[in-house]
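Participant: Quick one: this structure, given as structure tokens, is what I'll be asking you about.
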Amino acid sequence: MEAAVDNSKISITPMKATFIPLALAGALSACQPSSPDSPEKLKAVIVSYFDCVSRKDFARMKTLTTPDFLIFENGKVINNDGLIDIIKGSPITKATYSFDDVRINVDSNSGSMIYLNHGEFVKNDASTITRDWLESAIFKKVGTEWKLYLVHSTVKK
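Here the sequence shown is numbered in numbering that gives the first Met the number 0, starting from 0 and rising by one per residue.
What follows is the structure, given as structure tokens:
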């Protein structure tokens, strides 16, 4: 009987020795941050947002942003509803935006982007206006989707 007890002790010890390192390895890998996402995903969000501004697609604009989204524009704080009111009251009939010198940083849950924004606008009297801005944007990942959280915009001088 004593030999059987010794055998069971021998067979359990290797299981404990194997289980502990596996459990630790699993716990450590669960704590590792997930890999960063593609910068192109953030760029696609900002391009889509300004496309919606151009097309006056206000419902889609809101789906691309967090509920607490803000724009800091030349000393003013504007949310989506405020921007929508400005667009609705504007004499601009056509707007086109393009982005240059784009620099993006992204990790698994947040990202930032700095860029030059060039806008061309046609008024209802057919005159054309161009404007350039220095802008930065902050993004948050909500579930599996990237959302625009903040845009800071200053007219380029």
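For glycine and all other residues, C-beta sits at the position ideal for the given N, C-alpha and C.
Bear in mind that the values here come from a model prediction, so they are computed numbers and not experimental data.
Use the C-beta contact count for Y148: other C-beta atoms within 10 angstroms, 16 or more gives buried, fewer gives exposed.
Facilitator: On the sequence shown, residue 148 is found 149 positions in, with the first residue counted as 1. With 16 or more other Cβ atoms within 10 Å, it is buried.
Participant: Among all the DSSP beta bridges, which residues are the ones paired with N116?
Facilitator: To locate residue 116, count along the sequence shown from 1; it is residue 117. In the DSSP output, where bridge partners are listed per residue, N116 has F98 and W132.
Participant: Taking C-alpha atoms, which residue in I103, K61, N104 and G74 lies nearest to L83?
Facilitator: The residue you call residue 83 lines up with position 84 of the sequence shown. Per the sequence shown, residue 83 should be read as Ile rather than Leu. Comparing Cα-Cα distances from I83 to each of I103, K61, N104 and G74, the minimum goes to K61.
Participant: Run through the DSSP bridge pairs and tell me what E72 is partnered with.
Facilitator: Start at 1 with the first residue of the sequence shown, and residue 72 comes out as number 73. For E72, which the question treats as bridged, DSSP gives the partners K75 and S152.
Participant: What first and last residue would you give for the alpha helix (DSSP H) that runs through K55?
Facilitator: Numbered from 1 along the sequence shown, position 56 holds the residue referred to as residue 55. From DSSP, K55 is part of no alpha helix (DSSP H); its letter is neither H nor E.
Participant: Just mark V154 as buried or exposed, buried being the case when its beta carbon has 16 or more other beta carbons within 10 Å.
Facilitator: Taking the sequence shown and counting its residues from 1, the one referred to as residue 154 is at position 155. V154 should be labelled exposed.
Participant: Looking at the structure shown, is S10 part of a helix, part of a strand, or coil, going by DSSP?
Facilitator: Against the sequence shown, residue 10 aligns to sequence position 11. Caution applies to S10, whose pLDDT of 41 falls short of 50 and renders its modelled position unreliable; the value that the coordinates give is listed next. Residue state, collapsed to three classes: helix.
Participant: Cα-Cα, which of T95, D80, K156 and V141 is closest to I128?
Facilitator: If you number the sequence shown from 1, residue 128 lands on position 129. When only C-alpha atoms are compared, the closest one is T95.
Participant: Mind the definition here: the stretch 136-146 touches the stretch 74-81 only if three or more C-beta pairs lie below 8 angstroms; say whether that holds.
Facilitator: no
Participant: Kindly list the residues whose CB is nearer than 6 angstroms to the CB of S109, restricted to its own chain and excluding five residues on each side of it in sequence; keep chain order.
Facilitator: Position 110 of the sequence shown, counted from the first residue, corresponds to residue 109. If we look at S109 and ignore the five residues flanking it on each side, its Cβ neighbours are K139.
Participant: How long is the line joining the alpha carbons of V101 and N116, rounded to whole angstroms?
Facilitator: As a first step, residue 101 must be located in the sequence shown, where it is residue number 102. As a first step, residue 116 must be located in the sequence shown, where it is residue number 117. Approximately 9 angstroms, taken between the alpha carbons.
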